[in-house]
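Numbering (UniProt numbering), first residue to last: 1 to 266.
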């Protein structure tokens, strides 16, 4: 992102806090649960955190006072207001271009953008805040909103998908180290990756950090999900899940660190 004066002032304050703390990015990553590469991008002004939660965690780990936190929030709000909205094909996970609309006079055949519309909302991530059924959820800020589609994407008719292993990753530091399979650390799999990622669109089966699933394709144009560290993505992996509707469910791209070549879900 192009740095404005507001973004540079915000990044400079983050650098000051880090330098004063005397800690490395790796040490701060261990204290905050935010990757060192993300913290480096924040401090250099390359990337602006979408929510203030990641900034607050970083500042507290650096020993910021209450007054410094208030001033840091002011700087972040100014930088957030100053940055321009990204273009349609920009972002953390811009997918491949969509199919070209057929040359016909039927306006209903024109492809409409699926993601990047609407307002801020809250995404369910089990973090021990509110119990919903057998799982606990906490609100994590994300972007989304789009027209619902009639059916989830799939593979081409008649195709036999080949699956690849994919491991679940939980951004919450405490859920990665010694938490076991606590309900508060469980994560939800979606029924439809293009719909709002909330309790109404989550299958009953829960997954935890380190679980190994099987995926057969990736979908790039889904609902934008933002994790607790401020990383967002519209990428979703279709996973095989016996017992779920159609035998499949959808894992948000921010809930794995694995990278593999997969066909696009159609």
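For each residue, glycine too, the CB sits at the ideal point set by N, CA and C.
- Item | Minimum length 4: unbroken alpha helix (DSSP H) runs contained in the region 8 to 54 | 25 to 32, 36 to 44
- Task: Kindly indicate the opening and closing residues of the beta strand (DSSP E) around residue 174.
- Result: That residue, residue 174, is in no beta strand (DSSP E); its alpha helix (DSSP H) goes 173 to 176.
- Roughly how many angstroms separate the alpha carbons of residue 20 and residue 62, rounded to a whole number? 8 angstroms
- Task: Have a look at residue 192 and residue 211 and give me their C-alpha separation to the nearest angstrom.
- Result: 21 angstroms
- Message: Rounded to the nearest angstrom, what separates residue 263 and residue 194 at their Cα positions?
- Response: 18 angstroms
- Query: Taking DSSP as the reference, what is the three-state secondary structure of residue 249?
  - Reply: strand
- Message: I need the DSSP call for residue 265, collapsed to helix, strand or coil.
- Response: coil
- Message: Do residue 49 and residue 230 count as a contact pair if the criterion is CB distance below 8 angstroms?
- Response: yes
- Taking residue 220 as the reference, give the member of 237, 228, 9 with the closest Cα. 237
- Express the C-alpha separation of residue 172 and residue 181 in angstroms, rounding to a whole number. 13 angstroms
- Where do the N-terminal and C-terminal ends of the beta strand (DSSP E) with residue 205 fall, by residue? 202 to 207
- Would you mind working out which of 241, 56, 35, 33 sits nearest residue 17, comparing C-alpha positions? 56
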